[in-house]
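Asker:
Residue numbers (the working numbering): 1 to 101.
1. To which residues does DSSP link residue 46 through a beta bridge?
2. So the candidates are 58, 71, 83, 94; which of them puts its Cα closest to the Cα of residue 35?
3. Between the C-alpha atoms of residue 18 and residue 68, what's the straight-line distance to the nearest angstrom?
4. Under 7 Å between the Cβ atoms of residue 78 and residue 96?
5. Thinking residue 23 and residue 60 are a contact (beta carbons under 8 Å), I'd like their distance in whole angstroms, please.
6. Is residue 76 buried or exposed, if buried means 16 or more other CB atoms sit within 10 Å of its CB?
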């Protein structure tokens, strides 16, 4: 109950000194509310760790999120079904939501 695949990915990323944690999901980033339930939800392109906590945004399990925050490892949340999304991220383009600092 304390560790999920997100937590394991965060921990492994920290262990190997990864520059960023890439979180592929069913939506194209982090929203102000669930975009399925609230069509007026706003997509964020950039957030700080503290903004995510203050706004109570659901990014991933809190253990994984805190591991990334405490180890200064940014998180990029993006749509795993969007064609070439990962390619664009690797090429340095903005895709989804970046959480850092």
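Glycine included, each C-beta is placed from N, C-alpha and C at the ideal position. Please read these numbers as outputs of a predicted model, since none were measured by experiment.
Answerer: Checking against the coordinates, here is how it stands:
1. Within the DSSP bridge table, the entry for residue 46 names 98 as partners.
2. The shortest C-alpha separation from residue 35 is found at 58.
3. Roughly 11 Å separates the two Cα atoms.
4. Their beta carbons are under 7 Å apart, which means residue 78 touches residue 96 by this criterion.
5. With a Cβ gap of about 6 Å, residue 23 and residue 60 count as contacting.
6. Residue 76 is buried by the Cβ-count criterion.
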